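Below is one structure, written out as structure tokens; comments come after it.
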Amino acid sequence: MKPSAASALPFTVIGGFLGAGKTTMLNHLLENAGGTRFAVLINDFGELNIDQRLVTRHDGETISLANGCMCCSMAGGFISALSTVMDRADQFDQLVVEASGVSNPRRIMDIAKLDPGLIPNGSIVLVDASQLLSQLEDSLIEDAVVTQLKEADILVINKTGLADRETLNNVMLTLAQINPDCPTVTCDHKSLDPAILLGGIELQSGSSTKSNTSQKTDGDHQSSARSPDHEQFRSCVLRHCQALDRNLFDAWAESLPPSVLRGKGFVVFSDAPDRSWLWQKVGRSSGLEPGNGGPVSESAVVLIGTRAMPCDTDPTITGPFQRVN
Numbered sequence: 172m173k174p175s176a177a178s179a180l181p182f183t184v185i186g187g188f189l190g191a192g193k194t195t196m197l198n199h200l201l202e203n204a205g206g207t208r209f210a211v212l213i214n215d216f217g218e219l220n221i222d223q224r225l226v227t228r229h230d231g232e233t234i235s236l237a238n239g240c241m242c243c244s245m246a247g248g249f250i251s252a253l254s255t256v257m258d259r260a261d262q263f264d265q266l267v268v269e270a271s272g273v274s275n276p277r278r279i280m281d282i283a284k285l286d287p288g289l290i291p292n293g294s295i296v297l298v299d300a301s302q303l304l305s306q307l308e309d310s311l312i313e314d315a316v317v318t319q320l321k322e323a324d325i326l327v328i329n330k331t332g333l334a335d336r337e338t339l340n341n342v343m344l345t346l347a348q349i350n351p352d353c354p355t356v357t358c359d360h361k362s363l364d365p366a367i368l369l370g371g372i373e374l375q376s377g378s379s380t381k382s383n384t385s386q387k388t389d390g391d392h393q394s395s396a397r398s399p400d401h402e403q404f405r406s407c408v409l410r411h412c413q414a415l416d417r418n419l420f421d422a423w424a425e426s427l428p429p430s431v432l433r434g435k436g437f438v439v440f441s442d443a444p445d446r447s448w449l450w451q452k453v454g455r456s457s458g459l460e461p462g463n464g465g466p467v468s469e470s471a472v473v474l475i476g477t478r479a480m481p482c483d484t485d486p487t488i489t490g491p492f493q494r495v496n
């Protein structure tokens with residue numbers, strides 16, 4: 172039996188050309204997991220500078236950390252490392268794979284889609300702001316770089332502190348030409364909000380969603396403030412206590428503006444009110460997976476976007492979640 176979307180392990184690929192900052196960002200993620208148990212498949216342990224105080228066990232191809240996370244080397248191959256994680260999938264909340272600097276992260280995502288215990292969570296590609304333009308002028312690596320950029324669900328312009336304003340503007344224009352529909356965010360080294368990378372959205376169907384309904388009115392939508400460290404981004408929670416029209420929902424999901432980077436939540440439709448669906452949006456990609464089949468009292472989704480994302484009273488954002496009077 173195929174695992175439900177509620178029990179499947181979210182799976183994210185982090186790619187980018189050599190030197191883009193993938194390992195640094197993964198290291199920061201592991202040391203600041205915040206209660207999320209990550210399983211990370213990485214190419215080279217030697218490059219992962221984990222605080223040794225976090226390491227509880229180093230057993231061959233795996234490193235276990237005190238915060239519940241685990242790193243697994245892909246030295247023996249991706250399939251072998253993936254099998255190691257899936258044998259203990261119930262111990263983790265997120266699976267993250269570091270694509271090699273010259274590989275196409277989409278190929279890794281396509282392989283993992285064959286495992287019913289995984290649910291795709293998008294391909295994130297990092298770009299070195301100070302190096303991209305020169306990389307695209309190098310005939311030996313240009314094709315590999317362009318392929319990575321074209322296949323991204325979200326592009327992250329990293330190391331912005333190493334590029335002057337003119338270079339940064341040219342990088343953004345270049346990315347818009349190569350992958351015009353892909354959302355783009357900027358950060359300096361490891362400062363990116365993990366929610367942008369991994370969709371850190373804690374919405375579940377059934378009880379956990381229901382526990383918040385006493386504070387909401389019917390068909391409500393509310394914004395969620397970000398901390399000062401994350402003021403570059405904003406988020407909003409949209410709820411509706413009645414079943415949604417599937418066609419209206421699909422139209423809304425397809426028409427969300429590019430400033431919406433990620434979306435996730437459980438929804439129930441009027442043509443099948445006794446079941447829930449897990450909806451996910453990663454960059455330009457959006458889709459539905461069967462939920463856990465349990466009773467749901469409402470539909471609820473979270474949107475995460477840049478500061479340009481319209482507020483939660485804008486019809487382009489609220490869509491079918493608008494109040495019904």
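Following this note's numbering, the numbering of the sequence shown begins with 172 at its first residue and continues without gaps.
Quick reminder that beta carbons are idealized off the backbone N, C-alpha and C, glycines included.
Note that the structure is a prediction, hence the values are computed from the model and not measured.
Which of helix, strand or coil DSSP assigns to residue i
| i | result |
| --- | --- |
| LEU449 | strand |
| ALA424 | helix |
| PHE188 | coil |
| GLN413 | coil |
| GLN319 | helix |
| VAL342 | helix |
| VAL408 | strand |
| LEU474 | strand |
| GLU516 | Residue 516 falls outside the range modelled here, since the chain spans only 172 to 496, and no answer is possible. |
| ASN292 | strand |
| MET205 | Residue 205 is actually Gly in this sequence, not Met. The answer is coil: DSSP assigns GLY205 none of H, G, I, E or B. |
| GLY436 | strand |
| MET241 | strand |
| PRO181 | strand |
| GLN265 | strand |
| PRO444 | strand |
| THR380 | The pLDDT assigned to THR380 is 29, lower than 50, so where the model puts this residue is not dependable, and the model offers no usable value. |
| SER468 | coil |
| ASN168 | Nothing can be reported for residue 168, as the shown portion of the chain is limited to 172 through 496. |
| THR484 | coil |
Contacting residues, own chain, Cβ-Cβ under 8 Å from residue i (five flanking each side not counted)
| i | result |
| --- | --- |
| LEU307 | GLU313, VAL316, VAL317 and THR345 |
| ASP416 | PHE440, SER441 and PRO491 |
| PHE249 | LEU212, VAL268, ILE279 and ILE282 |
| SER254 | none |
| ALA323 | GLY186, PRO276, SER294, ILE295, VAL296, ASN350, CYS353 and GLY454 |
Residues near residue i in its chain [Cβ-Cβ closer than 7 Å; skip 5 each side]
| i | result |
| --- | --- |
| ARG208 | GLY239, CYS240, GLN262, PHE263 and ASP264 |
| ASN214 | MET245, GLU269 and SER271 |
| THR355 | LEU326, ILE328, MET343 and LEU346 |
| MET257 | ASP286 and GLY288 |
| LYS321 | ILE349 and ASN350 |
| LYS284 | PRO291 |
8 Å contact criterion, which residue i and residue j should meet: CB distance rounded
| i | j | result |
| --- | --- | --- |
| ARG277 | ASP352 | At roughly 15 Å, the Cβ-Cβ gap does not stay under 8 Å, so ARG277 and ASP352 are not in contact. |
| PRO491 | TRP423 | 6 Å |
| VAL453 | GLY192 | Incorrect: roughly 20 Å between the Cβ atoms, too far for contact. |
| MET280 | VAL211 | The Cβ separation is near 16 Å, so there is no contact. |
| VAL267 | LEU363 | No, VAL267 and LEU363 are not in contact; Cβ-Cβ is about 13 Å, not under 8 Å. |
| ALA252 | CYS243 | 5 Å |
| ASN341 | LEU304 | 6 Å |
| GLN319 | PHE188 | 6 Å |
| ILE367 | LEU427 | ILE367 to LEU427, Cβ: 16 Å. No contact. |
| THR338 | SER301 | 7 Å |
Environment of residue i [buried if 16+ CB atoms lie within 10 Å]
| i | result |
| --- | --- |
| ALA179 | buried |
| ILE475 | buried |
| ARG405 | buried |
| GLN348 | exposed |
| LEU369 | buried |
| PRO287 | exposed |
| LEU311 | exposed |
| VAL273 | exposed |
| GLY434 | buried |
| GLY186 | buried |
| ARG259 | exposed |
| ASN275 | buried |
Neighbourhood of residue i by C-beta, 6 Å cutoff - its chain only, sequence neighbours within 5 removed
| i | result |
| --- | --- |
| SER162 | The chain is shown only over 172 to 496; residue 162 falls outside these bounds and no answer can be derived. |
| LEU459 | TRP448 and TRP450 |
| GLY190 | ASP299 |
| PRO181 | GLN265, ILE290 and ASN292 |
| HIS401 | In this prediction, HIS401 scores a pLDDT of 41, lower than 50, which makes its location untrustworthy; no coordinate-derived value is stated. |
Check your understanding: So, do the region 331-343 and the region 432-443 have three or more beta carbon pairs nearer to each other than 8 Å?
Key -> no
Review point. When the Cβ atoms of the region 317-328 are set against those of the region 473-491, are three or more pairs found closer than 8 Å?
Key: Judged by Cβ distances under 8 Å, the region 317-328 makes no contact with the region 473-491, as fewer than three pairs qualify.
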